[in-house]
Amino acid sequence: MPNRIFDTARMEEMLGSIRDGRCVLFLGPQAALLPDGRPVEQALIKVAVDHLKRFAPAWVNENGEDFGSLAYLCQAVGTDQRDEIRDKLVGELAKWKKAATTGPFHNTLADLPFTLIVQVTPDPFMEIALSAKHIPPGRLAAHAYDFREPYEAGNTGTRRNLPHVGSSAEPLLYYLGGRAQNPRSIPFASEEEVNHLVALVREQPPLPLALTEALRDGGDNHRSALFVGFEFGAWQTRFLLRGLYTQVARPYRAVSTSLEQACKRAPSKEDEEFLWAAYRVVFADKAPIDFAKALRDDWTKFNQTTPPPAQTGSPVNQGKVVEFIVYHVPSDDLLLIAQSITEFWREHHPAFESYKTSKRARELVTFMSELKRLPDLLTRIRERVPTDFSASEPTFYTF
Numbered sequence: 000m001p002n003r004i005f006d007t008a009r010m011e012e013m014l015g016s017i018r019d020g021r022c023v024l025f026l027g028p029q030a031a032l033l034p035d036g037r038p039v040e041q042a043l044i045k046v047a048v049d050h051l052k053r054f055a056p057a058w059v060n061e062n063g064e065d066f067g068s069l070a071y072l073c074q075a076v077g078t079d080q081r082d083e084i085r086d087k088l089v090g091e092l093a094k095w096k097k098a099a100t101t102g103p104f105h106n107t108l109a110d111l112p113f114t115l116i117v118q119v120t121p122d123p124f125m126e127i128a129l130s131a132k133h134i135p136p137g138r139l140a141a142h143a144y145d146f147r148e149p150y151e152a153g154n155t156g157t158r159r160n161l162p163h164v165g166s167s168a169e170p171l172l173y174y175l176g177g178r179a180q181n182p183r184s185i186p187f188a189s190e191e192e193v194n195h196l197v198a199l200v201r202e203q204p205p206l207p208l209a210l211t212e213a214l215r216d217g218g219d220n221h222r223s224a225l226f227v228g229f230e231f232g233a234w235q236t237r238f239l240l241r242g243l244y245t246q247v248a249r250p251y252r253a254v255s256t257s258l259e260q261a262c263k264r265a266p267s268k269e270d271e272e273f274l275w276a277a278y279r280v281v282f283a284d285k286a287p288i289d290f291a292k293a294l295r296d297d298w299t300k301f302n303q304t305t306p307p308p309a310q311t312g313s314p315v316n317q318g319k320v321v322e323f324i325v326y327h328v329p330s331d332d333l334l335l336i337a338q339s340i341t342e343f344w345r346e347h348h349p350a351f352e353s354y355k356t357s358k359r360a361r362e363l364v365t366f367m368s369e370l371k372r373l374p375d376l377l378t379r380i381r382e383r384v385p386t387d388f389s390a391s392e393p394t395f396y397t398f
């Protein structure tokens, strides 16, 4: 597919967001590569098949050894064998982590000043590369999403497990697809994969607040998300985007149906234009390793020739108060705004006493939109939180 949309201006926009710490890197299944460049999934399939050949040869004789999907293989075996295979796969991940070896793809991306990297696979190679480039081994901040975590309304356990976003010197790595240190958090089988995506879309459990704020608190300077190694024809990717848009960017809108239809095949020029206009999704026709090398080269040139913009204050302090103010406020101010809403409504409607200010920001946004016509409330919020905010939608770049 020709690279129709990702032009020089948008490349410079993305490089600027990387330099300023406003670009979140997402690594997909095709970015899960061994140090020698082979796909991680194929290596794990071999581990599973070798185990079955030894302990369940009759099953292998019946089903064969050629599997294109690890999730399908783990789903096809019985429950007992599945648990044994899980242990073998987690052991292989731990072996790779202990070897502390990585390849050119992850080393190249680790050269760039990303502050937050979100990875959908459990392999440790990006963590190894980041530890070698930035932080002494063992000190890299890394956390994982656990789709099995019991969720109840008001439970903030998941939301508290990510205390900060990180910096270019000490980036933060978030395993969206689970991590070997918590084997049950990894959705190996197809059924688990579905349950993981459903949990993400339903926000049960929700993503950490620090992660969602990293994408949506952009002020006048747009946040961006760089997707590397995703196939947009895969239903898993479409559901992943739906979950991210639900929790991170904005409410999931009807336009998403067109997104899913467009992504069932290689996007046409019209599809690409639609995706840019609706979601700021940009496509480029490069393999992950080729793109990583080109990105590093472009970054080096950009960093040498383009001066950083003049700083006139924090990005979130630029602009105007906007309709969905709760989307764009720093987390420290969120409670103040919730308290203002609660106090105002309690004065006018005593039955509102039962409302809990600890509800999620998404619910506060909905409630805020219902009250936006009440100038007294907005005045009170401005008095308590005198910062102005602007509504910047994240930009999503996809490779």
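Per numbering that gives the first Met the number 0, the very first residue in the sequence shown carries number 0; after that it's consecutive.
Backbone N, C-alpha and C define an ideal beta-carbon position, used for all residues, glycine too.
Query                                                                                                                                                                              : Result
From what residue to what residue does the alpha helix (DSSP H) around A47 run?                                                                                                    : V39 to F54
Is R252 buried or exposed, if buried means 16 or more other CB atoms sit within 10 Å of its CB?                                                                                    : Low confidence applies to R252: its pLDDT is 39, below 50, so where it sits in the model is not reliable, and the reading given next is rough at best. It is exposed - the Cβ of R252 has fewer than 16 other Cβ atoms within 10 Å.
Touch check for the region 53-66 and the region 106-125: three-plus C-beta pairs under 8 Å?                                                                                        : no
Cα separation between Q446 and V193?                                                                                                                                               : One cannot answer for residue 446 here, as it falls past the ends of the chain, which runs 0 to 398.
Could you name the residues of the same chain whose beta carbon sits closer than 7 Å to that of N302, not counting the 5 residues immediately before and after it, in chain order? : R18
Tell me whether Y144 is buried or exposed, calling it buried when 16 or more other Cβ atoms sit within 10 Å of its Cβ.                                                             : buried
Take the Cβ of R21 as the centre, count every other Cβ of all protein chains shown within 10 Å, and call the residue buried at 16 or more, exposed below.                          : buried
Could you give the distance in angstroms between the alpha-carbon of A131 and the alpha-carbon of T114?                                                                            : 15 Å
Specify, as a first and last residue, the run of the beta strand (DSSP E) that S184 falls within.                                                                                  : S184 -> no beta strand (DSSP E), and no H or E assigned at all.
What is the DSSP secondary structure of V23, counted as helix, strand or coil?                                                                                                     : strand
Assuming Y117 contacts F25 (C-beta within less than 8 Å), just tell me the rounded distance between them.                                                                          : A small fix is needed here, since residue 117 is Val in this sequence, not Tyr. Their Cβ separation, rounded to whole angstroms, is 5 Å, which keeps V117 and F25 in contact under 8 Å.
Considering just the uninterrupted stretch of the beta strand (DSSP E) at V227, what are its terminal residues?                                                                    : S223 to V227
Determine which residues share a DSSP beta bridge with L32 and list them.                                                                                                          : P38
Helix, strand or coil: which one does DSSP assign to L171?                                                                                                                         : strand
Please classify A291: is it buried, with 16 or more other beta-carbons within 10 angstroms of its beta-carbon, or exposed?                                                         : buried
Going by the DSSP bridge assignment, what does R178 pair with across the sheet?                                                                                                    : N181
Examine the Cβ distances between the region 76-87 and the region 105-114 and report whether three or more of them are shorter than 8 Å.                                            : no
Would you decide whether T299 is buried or exposed? Buried here means 16 or more other CB atoms lie within 10 Å of its CB.                                                         : exposed
Which residue from Q235, A286 and A224 puts its Cα closest to that of M10?                                                                                                         : A224
Compute the Euclidean distance between the alpha carbons of T7 and D289, then round it to the nearest angstrom.                                                                    : 17 Å
What residue range is occupied by the uninterrupted beta strand (DSSP E) comprising A233?                                                                                          : That residue, A233, is in no beta strand (DSSP E); it is neither H nor E in DSSP.
Taking just the CA atoms, how far does F187 sit from L69?                                                                                                                          : 7 Å
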